[in-house]
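In this note's numbering, the protein residues as written are 2 to 44. Worksheet: the structure to be examined is printed underneath.
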Amino acid sequence: MLTGQQIEILDSTLREGEQTPGVSFTVGQKIALAKRLDTFGVD
Numbered sequence: 002m003l004t005g006q007q008i009e010i011l012d013s014t015l016r017e018g019e020q021t022p023g024v025s026f027t028v029g030q031k032i033a034l035a036k037r038l039d040t041f042g043v044d
């Protein structure tokens, strides 16, 4: 159990994930992913 500790998550999916050959997110997918990350508290 983590009490009084903070975990920092850096997610670069929207920026670097789309640079992977063959990967292309639609606008809707980008918005959905950003909303999901926000729900988890990822900045």
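C-beta atoms are modelled at their ideal positions from N, C-alpha and C, and glycine is treated no differently.
Is Glu17 closer than 7 Å to Phe26 when the C-beta atoms are compared? no
Measure the C-alpha to C-alpha separation of Pro44 and Gln30 and round it to an integer number of angstroms. Per the sequence shown, the amino acid found at residue 44 is Asp instead of Pro. For Asp44 and Gln30, the distance between alpha carbons rounds to 18 Å.
Best match in Ser13, Glu9, Gly5, Thr21 for proximity to Ala35 [C-alpha to C-alpha]: Ser13
With DSSP run on the structure shown, which of helix, strand or coil describes Thr14? helix
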